[in-house]
Each structure stands twice: as structure tokens, then as C-alpha cells.
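Each remark here refers to the structure printed beneath this line.
There are 2 protein chains.
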Amino acid sequence: MAHKTLQDANLAVGYVAKRSDVNVSTLHFYETKGLIRSWRNNGNQRRYKPDVLRRIAVIKAAQKMGVTLEEIKLTLDTLPENRTPNKNDWARLSTQWQAQLDEKIAYMQRLRERVEGCIGCGCLSMSSCPLYNPNDILGETHSGAVLLEKD
Amino acid sequence: MAHKTLQDANLAVGYVAKRSDVNVSTLHFYETKGLIRSWRNNGNQRRYKPDVLRRIAVIKAAQKMGVTLEEIKLTLDTLPENRTPNKNDWARLSTQWQAQLDEKIAYMQRLRERVEGCIGCGCLSMSSCPLYNPNDILGETHSGAVLLEKD
DNA sequence: ACTTTACCTCAATTTAGGTTTAGGTTTTAG
DNA sequence: CTAAAACCTAAACCTAAATTGAGGTAAAGT
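Sequence order for the protein chains is C and L. My numbering puts the first residue of the first sequence at 822, with every later residue one more than the last. My numbering puts the first residue of the second sequence at 822, with every later residue one more than the last.
Below you can see the structure in the form of C-alpha cells.
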């Protein structure tokens, strides 16, 4: 078999990389960012607990939702240190990011409406086109909703 | 008045920057990327046609929809060169990006469902959790929809 | 035993989308 | 006429999220 270190609660970096479908260098990188943790064996090689796999899966899922690594770290830092995270721990994270995702979807839908309006207006009048006014695109003045970007 | 070069079809870079709410350096940058164009006066200073304002507005709107500058350039390149773009020209661009936005919204909504499912499953079973399997997050196998990211 | 394969560190490079800095020229206002 | 404001170019720098490379060590397969 390709890798002997299986479920022994003692995973090598190459194994984790293959199982998670990320590069070894990415695991190093995540470690420097404090997103995952490892210990070293006698020969200074990284070893991981199996739950690192779920951590990485969660990191990747959050990234697809548009969450930055920095935010992901903040949230992961709320997981208990003394025990392996359980069902409720992970569920809490999901709920949090789902809220962010909902905001993002809502933002996109508002944007879509704007664009729709703009197709109608034909962008002929600079003063009336909803896409024209640089400060009116996200509509601080129009919808009271939370902004995802501040540009 | 602050700027004399007004609507003379002959706009200075600072005027355009102020009206568009972007930095002068950004206009230089956009020009190197082929997103906008200018000619030079006697003293080698940039001059713009007024429709650059709409171009920039459109660029910024597209960026908010998540379109990259590279894609934006491709689309802007389909505008006619010989005349000032008209209502239909701009409407075509809006329609195109609106479709992309729709895809993006749909993708996010699929993702949201996944996360919802994951709250239910509690992420306890590595083999059954929809967020766990690294290759199953976007669901090539699950939904036949177009993927927005290929990671 | 030996030779791949896997691993290590540290630094540099990449991409996107700009911003900043430095040093010099042009335009405008008074 | 002079000084300030605006403009010019080229290159360096910035952040995020990695990837790549160089040079060296450890572990595994035969």
C-alpha cells in the first residue's frame, strides 16, 4: 500500500495532502497561519491527528463561501483545544458561515436587480442610470442591508 | 472652479479620476491593461472622451459582480471601435454579466444547501458528510450545473 | 546497503488589482 | 512671472493565498 500511516492518529503530511487534495506546501502554509497543527516525530517530520482532515475540509468549504483564511482562523480558534471537536462544534461553524453566505447571496441579488434596471434604462442618462453613479452601486442610501464590500 | 476641462469631449485624468471615484494611478493601470483609452495633448498629458466615464462605471459594476478585469476586457473589446457605444451596446454587456451573476448566485445557493445539510449531519461520519469529501463540495456528481471554480 | 521517495527549512516567485515613491515636466492661478 | 497644482514615467511595493526552488535530512523499499 502507498501509505502505511493510516488511522493510527498519527498521519504523515503526504498522506494528509493526498486525502485532502491539497499540496504539502499548502499544509505547511496553513500551519504557519495557525489554521492547523502538528507535532514532530524523531526525525523532525510533521505528524497530524486524523481530525486535521475535517479541519481542512472545513477550511476549503469556508473558502468556497468566500470566507478569508483570516476569518476562518478566527472561527476555528473558537473550537475547543482540550478535546476533539464534536458535532455541535462543527455545526456552530457551519451556522456562522451560512449567515455570511446568506448576506453574500442577498448582496448579489440586489446587484442583479440593479443590473436588470440598467438594461431597461439603457445607460443613456448618466444622472439616472443606477450603474452610473459610482457611489450608488451598492446602495447605502437605497437598502439598509449590510455591505460586504466597502469600495 | 476646480477643473476647467468639463464636457468638452476632452477630459483630463484628474477630472476623470474625481468623477469616477478612482485614483489617477488606477486610470493609468486600466490603460496599461487596455480597459480604457486616451490620447495625449501637446504636453504629453492624457485626455479622455467623456464616454470613458461610463466605461469605468461599467468596469466597477462588473467587478462587484465578481468579474475579473481580464474578462471585463474581453467583453469591453466587443464594443464598437468606430462609434460611441449606444444603449444596445451597453445593454448587451449587462445581460452577459447578469447571466454570470445568476450562475454565481445559483452556485452559492447550492453551497448553502450543502452547508445546511452539513449542520444536520453534524460532520460525524467522514464518508457521508457533504462537506467532508474534498471532491464532492461543488457536486460535479450531484448537480449538473456549471461550475464557477474548478479547485 | 543503497537508492528512491518523502520530508525538512527558508527564501523567492506568482497572480490580481492596484498603490506608493521618486524624480522630472506641464498647466494653471494669482 | 512665479509658485502651486496637476501631470508624466518607471519601478518598487502591497495583500492574499499559495507555489516553486534550492539545498539538505529521514524513512522505506529491495
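From the three backbone atoms N, C-alpha and C, an ideal C-beta is built for every residue, glycine too. Computed from a predicted model, the values in this text were never measured in an experiment.
Query, Result
"Cutoff 7 Å: arginine 933(L) Cβ touching any chain C Cβ", "yes"
"Pick from Glu937(L), Arg868(L) and Ser859(L) that is closest to glutamine 917(C), judged by C-alpha positions", "Glu937(L)"
"CA-to-CA distance, serine 846(C) to methionine 929(L), given in whole angstroms", "28 Å"
"C-beta neighbour in chain C for glutamine 919(L), strict 7 Å", "yes"
"Where glutamine 919(C) falls, given that 16 or more other Cβ within 10 Å makes a residue buried", "buried"
"Nonlocal neighbours in the same chain, by C-beta distance under 8 Å from leucine 922(C), ignoring five residues either side", "Met886 and Gly887"
"Sequence-distant residues of its chain with Cβ nearer than 8 Å to proline 906(L) (five each side left out)", "Asp872, Arg875 and Leu900"
"Where leucine 895(L) falls, given that 16 or more other Cβ within 10 Å makes a residue buried", "exposed"
"Beta-carbon gap between isoleucine 880(C) and isoleucine 893(C) smaller than 7 Å", "yes"
"Through-space distance from asparagine 862(C) to lysine 925(L), alpha-carbon basis", "44 Å"
"For leucine 914(C), three-class secondary structure by DSSP", "helix"
"Own chain partners of arginine 913(C) with C-beta closer than 8 Å, once the 5 adjacent residues on each side are dropped", "Thr899"
"For leucine 832(L): DSSP bridge partner residues", "Tyr869(L)"
"Distance between threonine 889(C) and valine 843(L) (C-alpha atoms, nearest Å)", "25 Å"
"Between the CA atoms of tyrosine 869(L) and arginine 858(L) - distance to the nearest angstrom", "7 Å"
"Chain-ordered chain L contacts of lysine 839(C) [CB-CB under 7 Å]", "Near lysine 839(C) there are no residues of chain L at all, since even the closest Cβ is about 10 Å away, more than 7 Å."
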